[in-house]
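Heads up, the sequence shown is in my numbering, so the first residue is 6 and it goes up one at a time. Glycine included, each C-beta is placed from N, C-alpha and C at the ideal position.
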Amino acid sequence: MRASGILLPVASLPSRYGIGCFSKEAYEFIDGLSKAHQSYWQILPLGPTSFGDSPYQSFSTFAGNPYFIDLEELIRQGLLTEEECEECDFGDDDRSIDYGKIYESRFGLLWQAFERADLDKDADFNAFVKENKDWLKDYALFMAIKDSNDGVSWTEWEEDIRLRKPAALKIYEKELQEDIQFYMYLQFLFMEQWTKLKDYANKKGIRIIGDIPIYVAFDSADCWADTRLFQFNEENEPLAVAGCPPDAFAATGQLWGNPLYDWEYHKSTGYEWWIKRVQYSFKLYDIVRIDHFRGFDEYYSIPFGDKTAENGHWEKGPGIELFNTLSEKLGRLNIIAEDLGYLTDTVLKLVQDTGYPGMKVMQFAFDSREESNYLPHTYHKNTVVYTGTHDNDTIQGWYDSISESDKEYAKLYLNNSDTPREEIHWDYIRAVLASVSDTAIIPLQDYLGLGSEARINIPSTLGLNWKWRMKSEDLTDELLEKIKQMIETYER
Numbered sequence: 006m007r008a009s010g011i012l013l014p015v016a017s018l019p020s021r022y023g024i025g026c027f028s029k030e031a032y033e034f035i036d037g038l039s040k041a042h043q044s045y046w047q048i049l050p051l052g053p054t055s056f057g058d059s060p061y062q063s064f065s066t067f068a069g070n071p072y073f074i075d076l077e078e079l080i081r082q083g084l085l086t087e088e089e090c091e092e093c094d095f096g097d098d099d100r101s102i103d104y105g106k107i108y109e110s111r112f113g114l115l116w117q118a119f120e121r122a123d124l125d126k127d128a129d130f131n132a133f134v135k136e137n138k139d140w141l142k143d144y145a146l147f148m149a150i151k152d153s154n155d156g157v158s159w160t161e162w163e164e165d166i167r168l169r170k171p172a173a174l175k176i177y178e179k180e181l182q183e184d185i186q187f188y189m190y191l192q193f194l195f196m197e198q199w200t201k202l203k204d205y206a207n208k209k210g211i212r213i214i215g216d217i218p219i220y221v222a223f224d225s226a227d228c229w230a231d232t233r234l235f236q237f238n239e240e241n242e243p244l245a246v247a248g249c250p251p252d253a254f255a256a257t258g259q260l261w262g263n264p265l266y267d268w269e270y271h272k273s274t275g276y277e278w279w280i281k282r283v284q285y286s287f288k289l290y291d292i293v294r295i296d297h298f299r300g301f302d303e304y305y306s307i308p309f310g311d312k313t314a315e316n317g318h319w320e321k322g323p324g325i326e327l328f329n330t331l332s333e334k335l336g337r338l339n340i341i342a343e344d345l346g347y348l349t350d351t352v353l354k355l356v357q358d359t360g361y362p363g364m365k366v367m368q369f370a371f372d373s374r375e376e377s378n379y380l381p382h383t384y385h386k387n388t389v390v391y392t393g394t395h396d397n398d399t400i401q402g403w404y405d406s407i408s409e410s411d412k413e414y415a416k417l418y419l420n421n422s423d424t425p426r427e428e429i430h431w432d433y434i435r436a437v438l439a440s441v442s443d444t445a446i447i448p449l450q451d452y453l454g455l456g457s458e459a460r461i462n463i464p465s466t467l468g469l470n471w472k473w474r475m476k477s478e479d480l481t482d483e484l485l486e487k488i489k490q491m492i493e494t495y496e497r
């Protein structure tokens with residue numbers, strides 16, 4: 006079925022307190038999607054972010070980001086007062102997230118709410134803790150110990166707790182009992198509010214497309230809690246880390262630094278951890294986009310300690326066996342395979358064998374630096390097409406930055422030489438919506454016609470990413486009506 010949606014991270018929503026969250030503005034955004042006849046809201050990973058603020062480097066593959074907890078709901082419940090929230094400094098730029106100020110203010114307020122909550126008598130909280138015991142206790146303990154160590158990576162903790170010696174675990178569990186319960190409470194609030202928001206979206210006919218990174222962060226509860234999952238030595242240090250080789254876009258490649266999986270171990274367990282991870286993802290989302298799908302066929306292994314990705318090499322991944330196992334245990338899964346970049350025949354076969362739709366990105370169609378199968382006339386139905394993703398510039402920003410020869414080819418292809426520059430985004434949106442792909446996703450910034458100032462992320466850079474926010478007044482009735490008309494025109 007032909008359908009369309011809008012890509013917007015939760016953090017990019019407007020709200021009163023510095024960062025997008027599960028507040029009334031999120032419900033209003035869903036109302037806007039419904040008015041514009043959208044079928045999907047695509048978001049980025051919901052996990053708690055660490056240094057660099059990237060949702061792709063999370064403290065846990067299961068936990069949710071406490072920043073997304075709606076403070077106004079806690080005010081309504083009598084756990085906070087409006088005055089307490091107003092006294093905090095969340096930053097003064099409603100177009101940009103100030104993560105430093107959010108970090109300093111948010112957790113203090115959440116602690117106040119926690120101290121006022123009567124959790125011993127809260128049956129829902131206790132049921133949540135019991136239901137999520139597989140990951141919740143380790144995550145909460147991890148965060149509590151991290152706080153007690155001034156936030157340093159678990160690799161710098163005292164040896165007894167770094168290596169999870171039973172005696173040390175007992176001591177920390179006892180000493181940090183309140184802190185552990187605090188982090189469990191945050192996850193309870195997160196899930197309670199997110200479930201309510203997702204149910205609202207589903208009732209409005211909007212399905213959530215979530216995003217899970219293939220890898221987990223080195224400084225995460227997952228790595229600390231079970232080192233057997235990863236290629237670690239006896240000192241719990243990585244033998245090698247993840248990344249991408251050098252190409253036309255990155256001369257020294259991309260060094261992500263995530264630990265690599267010990268696929269032999271995963272296979273020996275019947276892929277138990279992956280089954281739990283994917284099953285949990287489908288509690289959060291209706292459809293799951295798996296980032297860097299190529300890594301399941303072959304993954305790029307870079308020696309731990311290298312400063313660039315130049316000395317890496319390719320290793321064989323689990324291939325179709327993993328996805329056959331997931332299907333056997335969980336049934337047919339609504340997964341999108343992020344299959345962008347250079348693809349070998351074996352990757353293409355893996356995507357085809359799974360039956361999952363792959364991705365197409367319109368901006369890649371006109372890059373003369375490499376051969377392209379991103380031009381709309383080459384698409385097939387079982388694909389998800391984007392003007393750009395969170396890793397791309399906006400259409401307007403991209404158009405202003407490409408070479409004149411690429412620009413001329415794009416004009417020739419779209420037959421839009423007469424389109425004013427400030428309206429150019431509509432031509433690319435139209436081409437995406439008109440394409441044969443079953444699903445079309447447009448970042449909100451492209452519908453708004455914004456330039457590079459609204460870009461979400463520049464890969465392999467730190468400091469300026471994941472900050473952009475929309476304003477409530479951006480989503481006008483006029484814009485929603487125009488989107489709706491285009492959706493009807495192209496029968497999505």
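If one requires a minimum length of 3 residues, the beta strand (DSSP E) runs lying completely within the region 341-392 are 363-366, 388-391, in chain order. Excluding its 5 nearest sequence neighbours in each direction, I429 has C-beta neighbours in its own chain below 6 Å: Y404, listed in chain order.
Residues F67 of the same chain have their beta carbon placed closer than 6 Å to that of W140, with the five preceding and five following residues left out of the count. With a threshold of 16 other beta carbon atoms within 10 Å, W319 falls short and is exposed. With a threshold of 16 other beta carbon atoms within 10 Å, L467 falls short and is exposed.
For F237, the secondary structure class from DSSP, reduced to helix, strand or coil, is strand. Each residue's CA atom was taken as its position, placing R212 and V293 some 11 Å apart. W116 and R100 have their alpha carbons spaced roughly 27 Å apart. Ranked by Cα distance from L84, the options L194, K272, G262 are led by L194.
By the Cβ test, the region 238-257 is in contact with the region 305-317, since at least three Cβ pairs between them sit closer than 8 Å. Across the structure, I280 and K416 are spaced so that their CA atoms are roughly 46 Å apart. Minimum Cα-Cα distance from E197 among the listed residues L79, S273, W162 corresponds to L79. Residue pairing from DSSP places G215 in a beta bridge opposite V293. Contact check for I48 and P14: beta-carbon distance about 6 Å, within the 8 Å limit, so the pair qualifies. Taking C-alpha positions only, E178 is separated from E120 by approximately 19 Å. Straight-line measurement puts the Cα of E109 at about 22 Å from the Cα of Q182.
The residue among T481, I492, S465, D479 with its C-alpha nearest the C-alpha of D58 is S465. Burial is judged here by how many other beta carbons sit within 10 angstroms of a residue's own beta carbon; K208 has fewer than 16 and is exposed.
At least 9 Å separates the beta-carbon of K365 from that of S286. Collapsing the DSSP output to three states places H318 in a strand. A distance below 8 Å between beta-carbons, with the five flanking residues on each side excluded, links K135 to no residue of its chain.
Residue state for P464 is assigned as coil, using DSSP reduced to three classes. As computed with DSSP, Y266 is found in a beta bridge with F235. For V246, the enclosing beta strand (DSSP E) stretches over residues 245-249. In terms of Cβ geometry, Y361 and L12 do not form a close pair [threshold 9 Å].
Contact holds between the region 183-193 and the region 144-154, because three or more Cβ pairs, one in each stretch, are under 8 Å apart. C-alpha of E409 to C-alpha of D423: approximately 16 Å in a straight line. Per the DSSP secondary-structure output, E303 pairs in a beta bridge with K321.
Annotated three-state conformation of W116 is helix, per DSSP. As DSSP reads the structure, T54 sits in a beta bridge with S63. Per DSSP, the continuous alpha helix (DSSP H) segment holding T494 begins and ends at 482-494. Take P323, set aside five residues on each side of it, and the residues of its chain with a beta-carbon closer than 8 Å to its own are W268, H271, K272, Y276, F301, in chain order. Rounded to the nearest whole angstrom, the C-alpha separation of F369 and I407 is 11 Å. For A8, the pairing in a beta bridge is given by DSSP as T444. Counting every other CB atom within 10 Å of its CB across the protein chains shown gives P53 a total of 16 or more, marking it as buried.
Here R81 is exposed. Its C-beta has fewer than 16 other C-beta atoms within 10 Å.
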